[in-house]
Each structure stands twice: as structure tokens, then as C-alpha cells.
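Residue numbers for the sequence shown follow my numbering, beginning at 73 and rising by one.
A quick write-up on the structure given underneath.
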Amino acid sequence: MQNETFTDINGFCPILFRQKELLMSIDGVGRVAAANMIITTEAFTHFDAPREFNWYGGVAPSSYSSGSSQYSKARISADN
């Protein structure tokens, strides 16, 4: 049934089908995770740039600066 549902989405909305296919091309992202990301982000309409989704997901190293000092977090934390 799941295969039929995901196949049917191509006829219903090719954009969502393409998003699902792109997400599932990432190692470790399956049907459930891809569907969850699409639903949670309302098909990624909540973000103006890919960088914002990375920050939302906690998978982007961050840096900030204050005056002449610059601080960075060079690693991606698994705690997010």
C-alpha cells in the first residue's frame, strides 16, 4: 500500500514526488523520514534558503562575530 501511495503522489503532485525522490537519494533518508520532512516543512515553504533548513535541522556548523572577534562552532552537534 505504501508503494502505491508514493507512486500515486507523482500523478497528484509532481513537485512533492520530486522532493520525496531527492530526499530519499540521501543516505539514511527513507520514505517515512522524507514524508515527515515534506509534511513538517509544508513542502519546504517555511524556508527562504536551503541554509535555513540546515539550521532548522541542526546540521549546519555555525559561526558568529562580535566586533573584531569571531567565534565558530566547527562541528555539527548530535545533541540538536
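Backbone N, C-alpha and C define an ideal beta-carbon position, used for all residues, glycine too.
- In the DSSP assignment, Phe-119 falls outside any alpha helix (DSSP H), carrying neither H nor E.
- Between Ala-121 and Gln-91, the CB-CB gap reaches or exceeds 9 Å.
- Rounded to whole angstroms, Phe-125 and Ser-140 show a C-alpha spacing of 28 Å.
- Along the region 88-118, the alpha helix (DSSP H) occurs as fully enclosed runs of 4 or more residues at 103-112, listed in sequence order.
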